[in-house]
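A.B. asks: Line by line, the protein sequences give chains L and P. Quick note: the first sequence uses the numbering used here, first residue 64, plus one each step. Quick note: the second sequence uses the numbering used here, first residue 64, plus one each step. Backbone N, C-alpha and C fix where the C-beta goes; we use that ideal spot for every residue, glycine too. Encoded as structure tokens, here's the structure I'll be asking about.
There are 2 protein chains.
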Amino acid sequence: MSDLEQISLELEARGYRVTPSRRAVIAAILARKNHFAADELAKRCRGAGRATVFRTIRLLNDLGVVCRVLMDDGSPRYLVSRSGHHHHLVCTECGTVQDLDQCAVSGALREIADASGYEIEGHWLELYGRCAACRAKAAVSA
Amino acid sequence: MSDLEQISLELEARGYRVTPSRRAVIAAILARKNHFAADELAKRCRGAGRATVFRTIRLLNDLGVVCRVLMDDGSPRYLVSRSGHHHHLVCTECGTVQDLDQCAVSGALREIADASGYEIEGHWLELYGRCAACRAKAAVSA
DNA sequence: GGCCGAGTTGATACTAGGTCTCAACTGAGA
DNA sequence: TCTCAGTTGAGACCTAGTATCAACTCGGCC
Ligand SMILES: [Zn+2]
Ligand SMILES: [Zn+2]
Ligand SMILES: [Zn+2]
Ligand SMILES: [Zn+2]
Numbered sequence: 064m065s066d067l068e069q070i071s072l073e074l075e076a077r078g079y080r081v082t083p084s085r086r087a088v089i090a091a092i093l094a095r096k097n098h099f100a101a102d103e104l105a106k107r108c109r110g111a112g113r114a115t116v117f118r119t120i121r122l123l124n125d126l127g128v129v130c131r132v133l134m135d136d137g138s139p140r141y142l143v144s145r146s147g148h149h150h151h152l153v154c155t156e157c158g159t160v161q162d163l164d165q166c167a168v169s170g171a172l173r174e175i176a177d178a179s180g181y182e183i184e185g186h187w188l189e190l191y192g193r194c195a196a197c198r199a200k201a202a203v204s205a
Numbered sequence: 064m065s066d067l068e069q070i071s072l073e074l075e076a077r078g079y080r081v082t083p084s085r086r087a088v089i090a091a092i093l094a095r096k097n098h099f100a101a102d103e104l105a106k107r108c109r110g111a112g113r114a115t116v117f118r119t120i121r122l123l124n125d126l127g128v129v130c131r132v133l134m135d136d137g138s139p140r141y142l143v144s145r146s147g148h149h150h151h152l153v154c155t156e157c158g159t160v161q162d163l164d165q166c167a168v169s170g171a172l173r174e175i176a177d178a179s180g181y182e183i184e185g186h187w188l189e190l191y192g193r194c195a196a197c198r199a200k201a202a203v204s205a
């Protein structure tokens with residue numbers, strides 16, 4: 064079963080219609096190798112208007128099919144990624160995003176909750192760095 | 064020495080002029096008890112135009128006088144806060160922001176760097192929860 | 001005092017990244 | 001076939017800024 068079909072089934076299972084517009088958006092997303100900007104996808108994706116592209120991205124984000132990633136300049140990008148709680152490691156040179164399978168703050172939460180009196184409900188974490196490939200390239204050219 | 068004077072000296076020490084417009088913006092910021100939106104400050108602050116308010120906020124942010132905080136709905140707010148690396152704990156009910164004196168991820172960075180091959184350069188972290196006051200209020204009304 | 005030039009200002013236009021509105025359309029089920 | 005909730009898209013609108021640029025300010029120098 065293709066990714067497109069799988070996502071379609073997921074949509075149907077939750078009571079959403081799988082329309083031609085939504086198919087077009089999902090196909091355009093799956094065709095992107097790396098992360099993408101919503102506006103860029105809207106321009107690239109004939110078959111769905113801008114509002115529908117944004118709505119579909121939000122829908123897929125809610126479903127856990129895509130993740131929203133904040134780049135180091137603060138601009139948002141989207142990424143086909145695994146669902147469930149996780150964070151990303153973004154290369155500041157080439158933009159490659161790597162999923163992190165563990166949450167780097169979960170361990171500290173109890174301590175922070177105790178010290179602050181807050182009941183911690185959620186968090187947002189992005190990590191920025193230079194990936195192995197970019198570091199190797201820099202080492203060669205240096 | 065007032066906060067306003069202290070910040071003015073800091074500006075002068077870095078080669079920036081302390082103009083009436085900047086004084087007005089800084090005074091308006093210091094008058095805010097909690098965090099504030101840049102646009103809201105621009106509306107409230109007679110004595111400086113919108114562009115100058117935004118420019119001054121950015122300047123103060125660069126100087127470490129104010130911090131940018133992402134609320135849980137993603138909207139940015141600013142806060143007079145200490146300089147240096149730190150994070151914030153935001154109450155999702157009343158909006159109170161608490162400075163955290165320790166960085167909750169610094170311990171995990173080495174491990175993540177080793178596992179990923181990335182050289183980690185920075186990160187962005189916000190924590191969300193319900194503060195002690197809001198929890199107490201909820202408990203009473205329940 | 002007068003002049004210079006860098007720093008600063010603010011009105012306005014512009015941009016990114018979205019959301020809202022609303023009339024038109026679609027399609028699954030009664 | 002009728003119905004009506006779900007969906008769509010053009011376009012208006014919104015927030016959070018940044019870019020432009022002519023005008024202004026002011027410290028330093030003659
Ligand atoms: Zn890279
Ligand atoms: Zn986490
Ligand atoms: Zn609170
Ligand atoms: Zn930190």
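#1: CB threonine 155/P to CB tyrosine 181/P, shorter than 8 Å?
#2: Would you grab the beta carbon distance between valine 160/L and isoleucine 70/L for me? Rounded to a whole angstrom, and I think it's under 8 Å.
#3: Following the continuous beta strand (DSSP E) through glutamate 182/L, name the residue where it begins and the one where it ends.
#4: Just checking, does the stretch 114 to 129 of chain P make contact with the stretch 82 to 101 of chain P on the three C-beta pairs under 8 Å criterion?
#5: Looking at C-alpha atoms only, which residue of Asp135/L, Ile175/L, Leu126/L is the closest neighbour of histidine 151/P?
#6: Give the list of continuous alpha helix (DSSP H) stretches no shorter than 4 residues that lie fully inside the stretch 104 to 173 of chain P.
#7: Closer than 8 Å is the cut-off here; do at least three beta carbon pairs connect the stretch 99 to 114 of chain P with the stretch 162 to 172 of chain L?
#8: Applying the 10 Å Cβ sphere with the 16-neighbour rule, what's the burial state of valine 153/L?
#9: Can you say whether leucine 188/L is buried or exposed, counting buried as having 16 or more other CB atoms within 10 angstroms of its CB?
#10: Examine ligand 1 and report whether any of its heavy atoms sits within less than 7 Å of the Cβ of arginine 140/L.
#11: Using a Cβ cut-off of 9 Å, pull out every chain P residue sitting near cysteine 108/L, in sequence order please.
#12: Do we get a CB-CB distance below 8 Å when we pair cysteine 194/L with the residues of chain P?
#13: Chain P beta carbons: is any one of them nearer than 8 Å to that of glutamate 156/L?
#14: Nearest CA to the CA of tyrosine 79/L: which residue from Met134/L, Leu122/L, Ala91/L, His186/L?
#15: Against chain P, which members of the stretch 84 to 102 of chain L pass a CB distance test of less than 8 Å?
#16: I want to verify the contact list: residues of chain P whose CB lies under 7 Å from the CB of serine 179/L, in sequence order.
#17: Among Leu142/L, Ile120/L, Ser138/L, Gly137/L, which has the Cα closest to the Cα of cysteine 130/L?
#18: Would the beta-carbon of aspartate 162/P fall within 8 Å of that of serine 146/P?
#19: Note down the Cα distance separating glutamate 184/P from asparagine 124/P, rounded to an integer number of angstroms.
#20: Name the chain P residues whose beta carbon is nearer than 7 Å to that of alanine 171/L?
#21: Does the beta-carbon of alanine 91/L have 16 or more other beta-carbons within 10 angstroms, so that it is buried, or is it exposed?
#22: Closer than 6 Å by C-beta to cysteine 157/L: which residues in its own chain qualify, once you throw out the five before and the five after it? Chain order, please.
#23: Is the beta carbon of histidine 98/P less than 8 Å from the beta carbon of arginine 140/P?
#24: So, is glycine 111/P buried or exposed, given that buried needs 16 or more other C-beta atoms within 10 angstroms?
#25: Run down chain L in chain order and give the residues with a C-beta less than 8 Å from the C-beta of tyrosine 191/P.
C.D. replies: Taking the coordinates as given:
#1: Here threonine 155/P is not near tyrosine 181/P, since their CB atoms are 8 Å or more apart.
#2: Contact doesn't hold; Cβ gap of about 20 Å is too wide.
#3: 182 to 193
#4: Judged by Cβ distances under 8 Å, the stretch 114 to 129 of chain P makes contact with the stretch 82 to 101 of chain P, as three or more pairs qualify.
#5: Closest option to histidine 151/P, Cα to Cα, is Ile175/L.
#6: 113 to 126
#7: No contact exists between the stretch 99 to 114 of chain P and the stretch 162 to 172 of chain L.
#8: buried
#9: Taking a 10 Å sphere around the C-beta of leucine 188/L, we find 16 or more other C-beta atoms and assign the residue as buried.
#10: no
#11: Simply none; closest approach about 23 Å.
#12: yes
#13: no
#14: Of the listed residues, the one whose Cα sits closest to tyrosine 79/L is Leu122/L.
#15: none
#16: Taking a Cβ-Cβ cut-off of 7 Å, the neighbours of serine 179/L in chain P comprise Leu152, Gln161, given in sequence order.
#17: The option with the nearest alpha carbon to cysteine 130/L is Leu142/L.
#18: no
#19: 20 Å
#20: Ala167
#21: buried
#22: Cys197
#23: yes
#24: The question names glycine, but residue 111/P in the sequence shown is alanine. By the neighbour-count rule (16 or more Cβ atoms within 10 Å), alanine 111/P is buried.
#25: Ile183, Glu184, Gly185, His186, Trp187
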